[in-house]
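Colleague: I have a structure here, written as structure tokens, and I will follow up with some questions on it.
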Amino acid sequence: MKKETCQTAGEFGKCPFVTAQQLLKGKWVILIMHELNEGPKRFGELRRSIDITQATLSSQLKKMEEEGLILRTIYPEVPPRVEYTLTDIGKEFHIVLASIEQWGNAYIEYLKKKA
Numbered sequence: 468m469k470k471e472t473c474q475t476a477g478e479f480g481k482c483p484f485v486t487a488q489q490l491l492k493g494k495w496v497i498l499i500m501h502e503l504n505e506g507p508k509r510f511g512e513l514r515r516s517i518d519i520t521q522a523t524l525s526s527q528l529k530k531m532e533e534e535g536l537i538l539r540t541i542y543p544e545v546p547p548r549v550e551y552t553l554t555d556i557g558k559e560f561h562i563v564l565a566s567i568e569q570w571g572n573a574y575i576e577y578l579k580k581k582a
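Numbering (the numbering used here), first residue to last: 468 to 582.
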């Protein structure tokens, strides 16, 4: 899509950049996607690995589930077990995660040289 079209459209679902920006605008989305890229995780596992408050994680997971990025599975056990996994479209984000990791490492090296 042409840059001008994205800037004037500014609508979710029409411009790939606006759409991605809206889906990734939460502070924790990329870290949650990174954790779930490794496989299914339970709520407590995610909370500990990201060091995020329970309320914030719960809110972010609900939003990501509504957007179709993750799937929440409740197992009929006592106590109940809930796992979160990436959906098919969420799994496609692994390419972006690899690029972010590569760029992040390059920037870390830049900072080391700068210091």
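Don't be surprised by glycine CBs; every beta carbon is placed ideally from N, CA and C.
Every value quoted in this text rests on a predicted model; they were computed, and no experiment measured them.
V549 by DSSP, collapsed to three states: which one?
Modeller: Indexing the sequence shown from 1 puts residue 549 at position 82. Of the three classes helix, strand and coil, the one that applies to V549 here is strand, per DSSP.
Colleague: Roughly how many angstroms lie between the CA atoms of V563 and E505, to the nearest whole one?
Modeller: In the sequence shown, residue 563 corresponds to position 96, counting from 1. In the sequence shown, residue 505 corresponds to position 38, counting from 1. The alpha-carbon atoms of V563 and E505 are separated by roughly 14 Å.
Colleague: Excluding sequence positions up to five away, which residues of its chain have a Cβ less than 7 Å from the Cβ of Q569?
Modeller: Position 102 of the sequence shown, counted from the start, is the residue given in the question as residue 569. Within the same chain, Q569 has no close Cβ partners at all.
Colleague: What three-state label does DSSP hand W570 in the structure shown?
Modeller: Working through the sequence shown from its first residue, we reach residue 570 at position 103. In this structure, W570 counts as helix in the three-state DSSP scheme.
Colleague: Mark Y574 as exposed unless 16 or more other C-beta atoms lie within 10 angstroms of its C-beta, in which case mark it buried.
Modeller: In the sequence shown, the residue the question calls residue 574 occupies position 107. So Y574 counts as exposed.
Colleague: What residue range is occupied by the uninterrupted beta strand (DSSP E) comprising L538?
Modeller: The residue given as residue 538 occupies position 71 in the sequence shown. Its beta strand (DSSP E) spans residues 537 to 542.
Colleague: Residues in the same chain with beta-carbon distance under 6 Å from T540, minus the five sequence neighbours each way, listed in chain order, please.
Modeller: Looking up residue 540 in the sequence shown gives position 73. E550.
Colleague: Does the Cβ of K579 have 16 or more other Cβ atoms within 10 Å, making it buried, or fewer, making it exposed?
Modeller: On the sequence shown, residue 579 is found 112 positions in, with the first residue counted as 1. Under this definition K579 is an exposed residue.
Colleague: I need the straight-line Cα distance from L524 to K481, nearest angstrom please.
Modeller: Taking the sequence shown and counting its residues from 1, one reaches residue 524 at position 57. Taking the sequence shown and counting its residues from 1, one reaches residue 481 at position 14. Their Cα atoms are separated by approximately 28 Å.
Colleague: Is any non-hydrogen atom of the ligand FAD found closer than 6 Å to the C-beta of K581, if you look at the structure I gave you?
Modeller: Of ligands this structure carries none, so the ligand FAD is not represented either.
Colleague: Can you give the Cα-Cα distance for M468 and R515, rounded to whole angstroms?
Modeller: Numbered from its first residue, the sequence shown carries residue 468 at position 1. Numbered from its first residue, the sequence shown carries residue 515 at position 48. At M468 the pLDDT is 46, less than 50, meaning the model places this residue with poor confidence and gives no usable figure here.
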